[in-house]
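Trainee: I'd like to ask you about the structure that follows.
Chains as they are written, first to last, in my numbering: chain A, 1075 to 1349; chain B, 13 to 126.
Here is the structure:
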């Protein structure tokens, strides 16, 4: 065997091995013809080896990518498969949304629990003329941190504030940044007509003072009308809500991953045999 | 089985070169590669992978068909279909109009090949 024939045989062996990289259906249909075309090209004296080899290498890279993409498109872009994946994806998204929203709502509603009783009890006592019901700072034990008042920014203890009919504070068990917080006048207007409101309230806006309060505001009727606000720092509830959000997000990503893998596996095993 | 949709002009250089090559008659793979490489065949350097990938899609689109002729077990011959002829004609008309326009703008010499 001459040197040239030996080189031809080696190149043809390399090309035959490269055929294994093509998707099986394409390889079965065209590999012999492609090898023949390469063989013919090697024998063509008008085409130098220095032109042919780079051309074939480039062609291998581009056509391999093209044929694999084409096979993947035929395998996975079938309408039924995509529709199923989309429906499952939508269901997973809805489920993750519910997993996020429902516990958050339960946590938020639960954050009002002691305040509802506190606000209504104090308001009822005030309506009955029991002025002793007005909370005094020292009615709170050690929770007050020694100063006798709840520091809303730091303490998780519930507290009560009583306002007069104009919304001016009369007595308070708590303060925020040294002041008694006062809700917006719209809240008092609403409570005047609806007797009670339950709100998430951020007395001082801004990132540094972003204390949020789960507040229940109860109307006080009678000879000395006014309002009772029972509140509690929502820090703990918010951290639980954030945890629920993270878990729901991870669940969502996990479900989408399972759907993606399931779709790919099902798509592969149910692929058209002609693909 | 023909299941694809015939490509609308402009055709890709590879598809155009293959159609032009087969317009002369039935040919096998390397003949088409050689024709395509020649300047009058489009000057497209086709490798076997691109050639047979294009032929596969062109067969699905009904532009070409295997002739059944074979002088070797591995050498397969292809021919243009009626649809292939009409798609090639439409592409040539489009290119002819572009060349005529270029001539009228003085971008190409009148009445001659550039």
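Positions of the beta carbon are idealized from the N, C-alpha and C atoms, including for glycine.
Going along the chain, which residues of its own chain have a beta-carbon closer than 7 angstroms to the beta-carbon of residue 1349/A, five neighbours each way excluded?
Mentor: Bear in mind that the predicted position of residue 1349/A carries a pLDDT of just 37, short of 50, making it too unreliable to give a figure here.
Trainee: For chain B, is any of its Cβ atoms less than 7 angstroms away from the one on residue 1098/A?
Mentor: No, no contact with chain B.
Trainee: In three-state terms, what does DSSP make of residue 1179/A?
Mentor: helix
Trainee: Return no unless some Cβ of chain A is closer than 7 angstroms to the Cβ of residue 94/B.
Mentor: no
Trainee: For residue 42/B and residue 1108/A, which I take to be in contact (beta-carbon distance under 8 angstroms), what is that distance rounded to the nearest angstrom?
Mentor: Incorrect: roughly 10 angstroms between the Cβ atoms, too far for contact.
Trainee: Quick check on the DSSP output: the alpha helix (DSSP H) that includes residue 1081/A runs from which residue to which?
Mentor: Residue range 1077–1092 is occupied by the alpha helix (DSSP H) that includes residue 1081/A.
Trainee: Closest by CA to residue 1105/A, which one among 50/B, 32/B, 44/B and 60/B?
Mentor: 60/B
Trainee: Can you find a CB in chain A that lies within less than 7 angstroms of the CB of residue 91/B?
Mentor: No, its Cβ sits nowhere closer than 7 angstroms to a Cβ of chain A.
Trainee: Tell me the DSSP secondary structure of residue 40/B in three-state form.
Mentor: Here DSSP, grouped into helix, strand and coil, assigns residue 40/B to strand.
Trainee: Let me confirm a value: residue 1342/A is counted as buried when at least 16 other C-beta atoms fall within 10 Å, else exposed. Which label applies?
Mentor: Counting the other Cβ atoms within 10 Å of the Cβ of residue 1342/A gives fewer than 16, which makes it exposed.
Trainee: If contact is defined by three or more beta carbon pairs under 8 angstroms, each pair taking one atom from either stretch, is the region 1150–1161 of chain A in contact with the region 66–77 of chain B?
Mentor: The region 66–77 of chain B makes no contact with the region 1150–1161 of chain A; the number of CB pairs closer than 8 angstroms stays below 3.
Trainee: Ends of the beta strand (DSSP E) at residue 1243/A?
Mentor: 1243–1246
Trainee: Sorted by chain position, which residues of the same chain lie with C-beta nearer than 7 angstroms to residue 52/B's C-beta, five sequence neighbours on each side aside?
Mentor: none
Trainee: Going along chain B in order, which residues have a C-beta closer than 9 angstroms to the C-beta of residue 1149/A?
Mentor: Per Cβ cutoff of 9 angstroms: no residues; residue 1149/A is ~15 angstroms from chain B at best.
Trainee: What is the DSSP secondary structure of residue 111/B, reduced to helix, strand or coil?
Mentor: Of the three classes helix, strand and coil, the one that applies to residue 111/B here is helix, per DSSP.
Trainee: Can you tell me whether residue 1166/A is buried or exposed? The criterion is at least 16 other CB atoms within 10 Å of its CB, across all chains shown.
Mentor: buried
Trainee: Can you have a look at residue 1102/A and say buried or exposed, based on whether 16 or more other CB atoms are within 10 angstroms of its CB?
Mentor: Within 10 angstroms of the beta-carbon of residue 1102/A lie fewer than 16 other beta-carbons, which makes it exposed.
Trainee: Does the beta-carbon of residue 1135/A have 16 or more other beta-carbons within 10 angstroms, so that it is buried, or is it exposed?
Mentor: exposed
Trainee: Could you please give me the residues that DSSP links to residue 78/B through a beta bridge?
Mentor: 90/B
Trainee: For residue 1197/A versus residue 1292/A, is the C-beta distance shorter than 7 angstroms?
Mentor: yes
Trainee: Against chain B, with Cβ distances strictly below 7 angstroms, would residue 1107/A count as a contact?
Mentor: yes
Trainee: Is the CB-CB distance between residue 1138/A and residue 1095/A below 7 angstroms?
Mentor: yes
Trainee: Counting only the same chain and skipping the five closest in sequence on each side, list residues whose C-beta sits under 7 angstroms from that of residue 1271/A.
Mentor: 1261, 1264, 1265 and 1291
Trainee: If you run the structure through DSSP and keep just helix, strand and coil, what is residue 1095/A?
Mentor: helix
Trainee: Compute the Euclidean distance between the alpha carbons of residue 1243/A and residue 1294/A, then round it to the nearest angstrom.
Mentor: 13 angstroms
Trainee: Candidates 1114/A, 1156/A and 1115/A: which alpha carbon is nearest residue 1335/A's?
Mentor: 1156/A
Trainee: Taking only beta carbons into account, state which residues of the region 53–66 of chain B come closer than 8 angstroms to chain A, listed in chain order.
Mentor: 57, 58, 59, 60, 61, 62, 63, 64 and 65
Trainee: Return the CA-CA distance between residue 1142/A and residue 110/B, expressed in angstroms with no decimal places.
Mentor: 35 angstroms
Trainee: When you check each C-beta in the region 76–88 of chain B against every C-beta of chain A, which residues fall closer than 8 angstroms?
Mentor: 84, 85, 86, 87 and 88
Trainee: Hey, could you find the ends of the alpha helix (DSSP H) residue 68/B is sitting in?
Mentor: 60–73
Trainee: Just to confirm before moving on: does the CB-CB distance between residue 91/B and residue 114/B stay below 7 angstroms?
Mentor: no
Trainee: Could you check whether the Cβ of residue 1085/A sits closer than 7 angstroms to any Cβ belonging to chain B?
Mentor: no
Trainee: Look up residue 1214/A in the DSSP assignment and say whether it is helix, strand or coil.
Mentor: Below a pLDDT of 50, predicted positions are generally treated as unreliable, and residue 1214/A, at 44, falls in that range; the measurement from the model is reported next regardless. Residue 1214/A: coil per DSSP, three-state reduction.
Trainee: Under the rule that 16 or more other beta-carbon atoms within 10 Å means buried, what is residue 1238/A, buried or exposed?
Mentor: exposed
Trainee: Three or more C-beta pairs closer than 8 angstroms, one from the region 85–100 of chain B and one from the region 28–46 of chain B: is that the case here?
Mentor: A contact between stretches requires three or more CB pairs, one per stretch, nearer than 8 angstroms, and the region 85–100 of chain B meets this requirement with the region 28–46 of chain B.
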